Amino acid sequence: MGLTGEFAVRHLLNARPERGLRIMRTWTAHDSEHVRRLATEGSRAYLPWARRVPWLLAHPRATRSILDATYRDPAEYVRRSVANHLNDLSRVDPSVVTEAAAAWAGDPDATTPWLLRHGLRTLIKRADPTALALVGFTGDRLHVGRPRIPADVVPWSGDLTFTAVVTNDGETDATVAIDYSIGFRRANGSVSAKTFKLGSRHIAAGGSTVVTKTHSFRPITTRTYYPGAHSVTVQANGVLSPPREFVLGRAPADEDGDDDARRERRALQGTPGPRRQQGATS
């Protein structure tokens with residue numbers, strides 16, 4: 018199993034950020050792709066599982082020279098890190114991201130279009146007009162109809178299938194990025210929206226396209242579902258449809274289920290479990 022140094026370098030960046038970046042910039046010319054990636058990955062604003070470097074968040078342009086030196090790196094391993102680094106900066110200062118992407122789009126190689134799509138993915142979901150234009154999405158006279166669903170209630174652990182019509186009311190053809198958002202009910206009854214990619218379509222002037230998607234509500238380890246009101250919205254180049262509300266049903270009662278399953282369902286439904294008898298042992 019290989020070792021990695023991007024977590025360790027965060028200590029240097031926290032102690033001496035400007036000196037640390039000067040050293041890391043020299044790594045971008047190293048013969049080893051692993052060292053070059055250490056420069057791009059170790060200086061990310063939001064490196065997963067790593068300690069934060071507040072100075073990097075306060076100076077989002079500070080790593081630009083590292084990215085400029087590596088966005089055309091011959092190793093895909095390094096270029097993916099550059100794209101993830103760029104996407105991190107979307108959460109800090111979108112203008113830094115679009116400025117860098119525009120410069121790279123003006124001096125690309127064969128791998129640059131993929132890097133831009135991956136690095137701009139958050140801004141594309143947010144329908145940032147500059148980001149959309151940089152990756153070739155066009156069309157500013159779009160209409161998205163309210164999603165249609167077969168039933169107002171989605172069974173617990175079931176699927177939501179929806180369709181929506183996207184219309185290009187413009188006089189020229191449009192290339193459209195289409196996403197959808199689910200408004201998930203939270204434990205306190207509030208709603209938290211999460212956006213998912215649906216795809217891209219070419220729509221002729223005056224034409225329409227129908228999009229269909231099935232979203233699963235089967236239990237997963239990274240999300241807890243709560244029964245009750247939810248919604249789905251479709252967007253095309255940032256133009257939003259009216260939301261379509263639906264209800265996620267409750268988990269069914271299962272007297273024959275195991276203890277863990279019953280406890281999970283009681284937690285979701287807010288009901289207490291059976292009281293343990295005094296003196297009982299596990």
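So the mapping is simple: my numbering equals the position in the sequence shown, first residue as 1, plus 17. From the three backbone atoms N, C-alpha and C, an ideal C-beta is built for every residue, glycine too. All of these numbers come straight from a predicted model, not from anything done at the bench.
Beta-carbon within less than 6 Å of G296's beta-carbon, same chain only, minus the 5 sequence neighbours each way: which residues are those? Within the sequence shown, numbered from 1, the residue matching residue 296 stands at position 279. In this prediction, G296 has a pLDDT of 46, which is less than 50 and means its spatial position is unreliable; nothing more can be read from the coordinates.
Exercise for the section: Assign E188 to one of three DSSP states: helix, strand, or coil. Expected result: For this step, residue 188 is matched to residue 171 along the sequence shown. E188: coil per DSSP, three-state reduction.
>> Does the structure place the region 125-133 close enough to the region 86-98 that three or more beta carbon pairs sit under 8 Å?
In response: yes
Compare the Cα-Cα distances from G200 to each of P146, L265 and K230 and report the closest residue. Position 183 of the sequence shown, counted from the first residue, corresponds to residue 200. Ranking the options by Cα distance to G200, first place goes to L265.
**Message:** Less than 7 Å between C-beta atoms, sequence neighbours within five positions excluded: which residues of the same chain meet that for L10?
**Reply:** What is shown of the chain runs 18 to 299, which leaves residue 10 out entirely.
| request: With a cut-off of 8 Å on the beta carbons, I'd call D190 and L159 a contact; round off their distance for me. | output: The residue given as residue 190 occupies position 173 in the sequence shown. The residue given as residue 159 occupies position 142 in the sequence shown. No, D190 and L159 are not in contact; Cβ-Cβ is about 12 Å, not under 8 Å.
* **Distance between L137 and T184 (C-alpha atoms, nearest Å)** => In the sequence shown, residue 184 corresponds to position 167, counting from 1. In the sequence shown, residue 137 corresponds to position 120, counting from 1. Cα-Cα distance, rounded: 25 Å.
The beta strand (DSSP E) enclosing L159, as first and last residue numbers | Along the sequence shown, read from residue 1 onward, the residue named residue 159 stands at position 142. Per DSSP, L159 belongs to the beta strand (DSSP E) from L159 to V161.
Problem set entry | Boundaries (first-last residue) of the beta strand (DSSP E) holding I237 | As a position in the sequence shown, residue 237 is number 220, starting the count at 1. I237 -> no beta strand (DSSP E), and no H or E assigned at all.
Q. Among residues of its own chain, excluding the 5 on either side of A210, which ones have a beta-carbon nearer than 6 Å to its beta-carbon?
A. For this step, residue 210 is matched to residue 193 along the sequence shown. Cβ within range, chain order: S198 and G200.
Output the boundary residues of the beta strand (DSSP E) element that contains R261. Residue mapping note: residue 261 aligns to position 244 of the sequence shown, counting from 1. Segment R261 to L265, the beta strand (DSSP E) holding R261.
Mind checking V99: buried by the 16 CB within 10 Å criterion, or exposed?
Counting from 1 along the sequence shown, the entry for residue 99 is found at position 82. So V99 counts as buried.
DSSP state of T298, grouped into three classes?
Along the sequence shown, one-based indexing puts residue 298 at 281. Residue confidence for T298 is low, a pLDDT of 44 falling below 50, so the modelled location carries little weight and cannot support an answer.
**Message:** Does the structure place the region 168-185 close enough to the region 139-147 that three or more beta carbon pairs sit under 8 Å?
**Reply:** no
Discussion item. DSSP three-state label for V152, please.
Written reply: In the sequence shown, counting from the first residue as 1, residue 152 sits at position 135. Looking at V152 - three-state DSSP - the assignment turns out to be coil, as it is neither helix nor strand.
request  = Please name the residue or residues paired with V70 in a DSSP beta bridge.
outcome  = On the sequence shown, residue 70 is found 53 positions in, with the first residue counted as 1. For V70, which the question treats as bridged, DSSP gives no partner whatsoever.
Determine the DSSP secondary structure at Y197, reduced to helix, strand or coil.
Here residue 197 refers to the residue found at position 180 when the sequence shown is read from its first residue. In the structure shown, Y197 sits in a strand (DSSP, three-state: E or B).
**Message:** Between the alpha carbons of H47 and Q252, how many angstroms are there, rounded?
**Reply:** Taking the first residue of the sequence shown as position 1, residue 47 is located at position 30. Taking the first residue of the sequence shown as position 1, residue 252 is located at position 235. Near 43 Å, if we compare the C-alpha coordinates of Q252 and H47.
Rounded to whole angstroms, what's the CA-CA distance from T229 to F179? Just pull it up for me.
-> Taking the sequence shown and counting its residues from 1, the one referred to as residue 229 is at position 212. Taking the sequence shown and counting its residues from 1, the one referred to as residue 179 is at position 162. About 6 Å.
Practice problem: Let me know the secondary structure DSSP gives G224 once reduced to three states. | Solution: Numbered from 1 along the sequence shown, position 207 holds the residue referred to as residue 224. Coil, per DSSP.
What are the partner residues of S248, as DSSP defines its beta bridges? In the sequence shown, residue 248 corresponds to position 231, counting from 1. Paired residue(s): G200 and E262.
- Task: Put L64 into one of helix, strand or coil per three-state DSSP.
- Result: Here residue 64 refers to the residue found at position 47 when the sequence shown is read from its first residue. Reduced to three states, the DSSP call for L64 is coil.
- Task: Classify H135 as helix, strand or coil using the three-state DSSP reduction.
- Result: Against the sequence shown, residue 135 aligns to sequence position 118. Of the three classes helix, strand and coil, the one that applies to H135 here is helix, per DSSP.
* In three-state terms, what does DSSP make of R78? -> Translated into positions along the sequence shown, residue 78 becomes position 61. Correct three-state label for R78: coil.
- Mind checking whether W131 and D85 have CB atoms under 9 Å apart? Here residue 131 refers to the residue found at position 114 of the sequence shown. Here residue 85 refers to the residue found at position 68 of the sequence shown. No; because the gap between Cβ atoms is not below 9 Å, this pair is not in contact.
- Query: Per DSSP, which one or two residues make a beta bridge with H219?
  - Reply: One-based indexing of the sequence shown puts residue 219 at position 202. BP columns for H219 point to T192.
So, with DSSP's three-state summary, where would you put S209? Position 192 of the sequence shown holds residue 209. In the structure shown, S209 sits in a strand (DSSP, three-state: E or B).
T57 vs H28 beta-carbon contact at 9 Å: Taking the first residue of the sequence shown as position 1, residue 57 is located at position 40. Taking the first residue of the sequence shown as position 1, residue 28 is located at position 11. No, the Cβ-Cβ distance between T57 and H28 is not below 9 Å.
ask   = DSSP on S124, reduced to helix/strand/coil?
value = The residue you call residue 124 lines up with position 107 of the sequence shown. A small correction: the amino acid at residue 124 is Asp; Ser does not occupy that position in the sequence shown. D124 falls in the coil class under three-state DSSP.
Local conformation of R27 per DSSP, three classes: Working through the sequence shown from its first residue, we reach residue 27 at position 10. Helix.
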